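Okay, structure first, notes after.
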Amino acid sequence: MSDMKLTNEKMHTFDGHEKVGVLKSGEKLTDFGEKQNAANEVLAANINDLIVRVCALEEKQIQNAEVMRKLAGELDAFKKELDRLRLSDKLNTSAVERLNKAVSLAQGDTEG
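Just so you know, this note's numbering puts the end of the sequence shown at 122, numbered straight through with nothing missing.
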């Protein structure tokens, strides 16, 4: 970032409203022009710094969006796998219960 910070003093290019004679007007105009050029340089440096910062933020936003898309895909895959495991667990539990009941019936247990 630029070392040129905007301040009221740097932006102050006009020094007064006193009447200037014809012989002093060129000198005053030159002084005003130099101060205005300095103020313009400070403004340009700050604007360029802001442009760099905005571009960096935009790049970061693009990277974050890509990461979020990847995370969303991984989360969706995880959810599908979790649903598959839950269904498998439910089916296995039912199968174990049926097998247990069949074994109980085979052994003559009528309460199973």
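Just so you know, even glycine gets a beta-carbon here, dropped at the ideal spot from N, CA and C.
None of these values were measured; they are calculated from a predicted model.
Please report the straight-line C-alpha distance between residue i and residue j, rounded to a whole angstrom.
| i | j | result |
| --- | --- | --- |
| C65 | Q73 | 12 Å |
| L33 | D25 | 18 Å |
| T40 | E19 | 18 Å |
| L97 | E69 | 42 Å |
| N58 | A87 | 44 Å |
| A82 | Q71 | 16 Å |
| S104 | E84 | 30 Å |
| G43 | K29 | 18 Å |
Hey, residue i and residue j are a contact pair by Cβ (cut 8 Å); roughly how many whole angstroms apart?
| i | j | result |
| --- | --- | --- |
| A49 | M14 | That belief does not hold up - the Cβ atoms of A49 and M14 are roughly 10 Å apart, past 8 Å. |
| T23 | K45 | 4 Å |
Which class does residue i belong to by DSSP, given the choice of helix, strand or coil?
| i | result |
| --- | --- |
| K29 | coil |
| F24 | coil |
| T40 | helix |
| G83 | helix |
| K15 | coil |
| D59 | helix |
| Q73 | helix |
| D119 | coil |
Are the Cβ atoms of residue i and residue j separated by less than 8 Å?
| i | j | result |
| --- | --- | --- |
| V62 | L16 | no |
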